[in-house]
Amino acid sequence: MQSKTVQTKHAAVRYLEGGSGEPLVFLHGAGGMTENDPLLAELASRFHVYAPFIPGYGETEECETLRDMLDFALHGWDVVEALGLKNPILVGHSMGGMIAAEMAALAPNDVSRLALICPAGLWLDEHPIVDMFSLLPFEMPKYLFHDPEAGAAQMTSGLDMSDPKFLQTYLVRNARQLGMAGKLLFPIPERGLAERLYRVKAKTVIVWGESDKMIPPVYGPAFQAKIAGAKLVKVAEAGHMVISEKPAEVAKAVEAVA
Amino acid sequence: MKFTWFNLMPWPYLPDDFREKHHSVWVDIDQRLFDPAKSNAVYNTYMDLLEYADTLGFDGIGVNEHHQNGYGIMPSPNIIAAGLARRTKNAALVVLGNSIALYNPPVRVAEEFAMLDCISGGRLVAGFPVGTSMDTNYCYGQIPALTREKYAEAHDLIIKAWTTRDPFAFNGRYNKLRHVNIWPRPIQQPHPPIHIPGGGSVETYDFCIDNTYSYSYLSFSGYLRAQALMDGYWRRVEERGAPDKSPYRAGFAQTICVAETDEEAERLYWPHVSYFYNRCLHVYPGFADAPGYRTIKTIQTGALSQYAPPRGGYTQLTWKDLVEGGHVIAGSPETVRQRLEELAKGLHVGNIFCLMHVGDMPAEKCMYSTKLFAEKVMPKLRNVFPEFADDERFWTHPLQQRAVPGSLGPAPTTAPGAAPARAPIPAE
């Protein structure tokens, strides 16, 4: 994947680009995205992938003028426009899925294929979603992965948490990223999407890791019920990070709507 | 020097194994640990102690706002301050403060503070904290990265409400009000003195300096650890071109325990100090600092949240550690005097918030310590900053003649006459 930058009204947006074929825009989750992302690699073997970083992620600065759901959704369309794309396949994971769903509800005639991978955006009182903002780093893996040990190793590989300089950088990055994510997800990751999903016209697939403990799989059918004709694909032995635990399965599900 | 007797109002019945068995003293504290029937005596004793401090000549009595918190049973400091306004005579009511980003609309704070100022005859010090991340974000659900913008808007609205004499429209991002027209308004003009609690962010330094507000560092880690932070503040005061470096531009909270001798202080107060540091400060670190709550600039300066416990936690700290490390100033009146003078001069602060009720301290010990402080320490420290003795900008300006609560005579037995109840209000 190549790292590039495109300018929108609000920010200089860094994005990763790679592969060839139909254009596909991938929106990452609150945890961010790296150039070695296994799902991006899978997608790039089938599509021309554009994966923009939300301002604050990917070593970019946070953006003060993006404050609420509408700002983020319109910013998403600004990025698509700035990239010169028409009707790209729209794919989002977790928070990115929430934004992608909003974009599709907001401009239903501009997106005909949509893939939501364990998206945020709904809230069921009987199934409260964990408060990810109050979790300490060492508590994260058990919510994110089907295999927390392997997940933890993957999250911390090459990092030295005992180095104060690293810790400082980590804190700044965390504040930038989750500070921005908090505008959509804090304290409850719901901003009225349920009332707008009826507008989505895209052919939609919803993908969920069966072991997801961050946003439990019960949210899959809840999304499915609100988007006409949506298909739900459950992935075994995968958690919220189904995108890194089972990237090939996810890519296959995306391909099925493309 | 101005001395404010401060009570955080800790719940005094946290169990011995609180730290081991419970997740956090704040946010998700086990509600079953609160006993409403017992709280009746706790609240009234705590208010009695604040009133007692007024009778001993403290300049102020202080209250603050915390939510869902085992060491502060005061989600609404204004309710406590209203009680104190009636039962105290001279002390300033230092409400430190109202977390103004939490009030919808913040005009409510302008109104309640005005009421307190009117009832107390102009004795209010108004505190405007951003609020801790525990209170503001985790308990009251404010979005961390938007909290400061909302705070700033609330501040502008309150000040405008206090100082504008005609109805105005306020079209803010977070507050849309077509008719702002505060009624009542404060006695103190243009508004009560404002103190801003802060934790080391440069933005807050500048906010205080530019508006002539007093910057209050409310820490539990004592004056020795505060040196770097306060040095940063005073450097900024200079850089920003403030006209003076009055020590009343700053305040500092310090735990203080006085006894006849240093040994007696340890014997009397150690259990309660230990209760405070070991149980009351048992905050789950995940609640200490929601991402986005502090600015990037502040994190880059290296200031860690004061609720991030010291390495190894507080459990390993002994009385000796806490006293020598300056977390607690304790001992004989002479010891306390020396160390407080060191604090005041070292940090260059004129407003001292004396945390004299500590943890589960019973009233009689608290009164003993408070009385010794008022009689044997306070008088000797009055004149630490003689060159700023006339600086009145950061303290209250009460009415000379104030109403005396509870001074109604007996009810008349015949119909009262038609004489006007009072003279007309003179034109401003």
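For the protein sequence lines, the chains are D and S, in the order given. Using my numbering, you'd call the opening residue of the first sequence number 1 and step up by one each time. Using my numbering, you'd call the opening residue of the second sequence number 259 and step up by one each time. Just so it is clear, CB atoms sit at the ideal spot from N, CA and C, and this is done for glycine as well.
Beta-carbon gap between residue i and residue j smaller than 8 Å
{"i": "S/L415", "j": "S/V365", "result": "yes"}
{"i": "D/I99", "j": "D/A73", "result": "yes"}
{"i": "S/G355", "j": "S/T654", "result": "no"}
{"i": "D/A107", "j": "D/W77", "result": "yes"}
{"i": "D/H93", "j": "D/C118", "result": "yes"}
{"i": "D/A115", "j": "D/A253", "result": "yes"}
{"i": "D/L122", "j": "D/E195", "result": "no"}
{"i": "S/Y700", "j": "S/S391", "result": "With chain S represented from 259 up to 686, any question about residue 700 of chain S goes unanswered, as that position is not in the structure."}
{"i": "S/E646", "j": "S/S504", "result": "Residue identity check: residue 646 of chain S is Phe in the sequence provided, not Glu. Going by C-beta atoms, S/F646 is nearer than 8 Å to S/S504."}
{"i": "D/A222", "j": "D/T204", "result": "no"}
{"i": "S/G583", "j": "S/L482", "result": "yes"}
{"i": "S/S378", "j": "S/A343", "result": "yes"}
{"i": "S/T628", "j": "S/W263", "result": "yes"}
{"i": "S/I331", "j": "S/W269", "result": "yes"}
{"i": "S/L575", "j": "S/Y535", "result": "yes"}
{"i": "D/S3", "j": "D/H48", "result": "no"}
Cα-Cα separation, residue i to residue j
{"i": "D/F26", "j": "D/M1", "result": "13 Å"}
{"i": "S/L613", "j": "D/K234", "result": "57 Å"}
{"i": "S/I417", "j": "S/P543", "result": "35 Å"}
{"i": "S/E524", "j": "S/G457", "result": "29 Å"}
{"i": "S/H606", "j": "S/M259", "result": "11 Å"}
{"i": "D/F186", "j": "D/M214", "result": "14 Å"}
{"i": "D/V38", "j": "D/P164", "result": "Per the sequence shown, residue 38 of chain D should be read as Pro rather than Val. Each residue's alpha carbon lies about 30 Å from the other."}
{"i": "D/L124", "j": "D/M241", "result": "21 Å"}
{"i": "S/S357", "j": "S/P402", "result": "14 Å"}
{"i": "S/V352", "j": "S/A384", "result": "7 Å"}
{"i": "D/H75", "j": "D/P52", "result": "11 Å"}
{"i": "D/G179", "j": "D/P137", "result": "16 Å"}
{"i": "S/L308", "j": "S/I319", "result": "6 Å"}
{"i": "S/Y689", "j": "S/E407", "result": "Past the boundaries of the shown model lies residue 689 of chain S; chain S is included only from 259 to 686, so the question cannot be answered."}
{"i": "S/F258", "j": "S/R595", "result": "Past the boundaries of the shown model lies residue 258 of chain S; chain S is included only from 259 to 686, so the question cannot be answered."}
{"i": "D/R173", "j": "D/G56", "result": "8 Å"}
{"i": "S/I467", "j": "S/T422", "result": "23 Å"}
{"i": "D/Y198", "j": "D/G220", "result": "16 Å"}
{"i": "D/M140", "j": "D/D131", "result": "11 Å"}
{"i": "S/Y361", "j": "S/A427", "result": "18 Å"}
{"i": "S/R498", "j": "S/T470", "result": "12 Å"}
{"i": "D/K142", "j": "D/Y50", "result": "30 Å"}
{"i": "S/K623", "j": "S/Q659", "result": "35 Å"}
{"i": "S/P455", "j": "S/T462", "result": "9 Å"}
{"i": "S/Q289", "j": "S/F276", "result": "13 Å"}
Helix, strand or coil at residue i [DSSP, three-state]
{"i": "S/P387", "result": "coil"}
{"i": "S/W263", "result": "strand"}
{"i": "D/W259", "result": "One cannot answer for residue 259 of chain D here, as it falls past the ends of chain D, which runs 1 to 258."}
{"i": "D/V200", "result": "coil"}
{"i": "S/F534", "result": "helix"}
{"i": "S/Y473", "result": "strand"}
{"i": "D/F136", "result": "According to the sequence provided, residue 136 of chain D is Leu. The question's Phe does not apply to it. Correct three-state label for D/L136: coil."}
{"i": "S/R406", "result": "helix"}
{"i": "D/P128", "result": "coil"}
{"i": "D/A251", "result": "helix"}
{"i": "D/K246", "result": "coil"}
{"i": "D/H93", "result": "strand"}
{"i": "D/T156", "result": "helix"}
{"i": "S/V616", "result": "coil"}
{"i": "D/H48", "result": "strand"}
{"i": "D/A230", "result": "coil"}
{"i": "S/Y398", "result": "coil"}
{"i": "S/H453", "result": "strand"}
{"i": "D/F145", "result": "coil"}
{"i": "S/S378", "result": "helix"}
{"i": "S/G595", "result": "The sequence as given places Arg at residue 595 of chain S; Gly does not occur at that position. The answer is helix: DSSP assigns S/R595 an H, G or I state."}
**Prompt:** Taking one C-beta from the segment 477-486 of chain S and one from the segment 507-515 of chain S each time, how about it: are there three or more such pairs within less than 8 Å?
**Reply:** yes
**Request:** Determine, using beta-carbon pairs with one atom in the segment 574-588 of chain S and one in the segment 198-217 of chain D, whether at least three such pairs fall under 8 Å.
**Result:** no
**Item:** Start-end ranges of the beta strand (DSSP E) lying completely within the segment 417-451 of chain S, minimum 3 residues
**Value:** 426-429 and 434-438
**Request:** Any chance you could list the beta strand (DSSP E) runs of at least 3 consecutive residues sitting entirely within the segment 272-359 of chain S, in chain order?
**Result:** 318-321 and 350-353
**Prompt:** Are three or more beta carbon pairs between the segment 309-326 of chain S and the segment 619-636 of chain S nearer than 8 Å?
**Reply:** yes
**Message:** Below 8 Å, how does it come out for the segment 374-386 of chain S and the segment 443-456 of chain S: are there three or more Cβ pairs, yes or no?
**Reply:** yes
**Prompt:** Would you say the segment 174-188 of chain D touches the segment 76-93 of chain D, given that touching needs at least three Cβ pairs under 8 Å?
**Reply:** no
**Request:** Pair every Cβ in the segment 224-239 of chain D with every Cβ in the segment 591-600 of chain S, then say whether three or more of these pairs are closer than 8 Å.
**Result:** no
**Request:** Write down every uninterrupted run of the beta strand (DSSP E) in the segment 484-531 of chain S whose length is 3 residues or greater and which is fully enclosed by it, in chain order.
**Result:** 508-516
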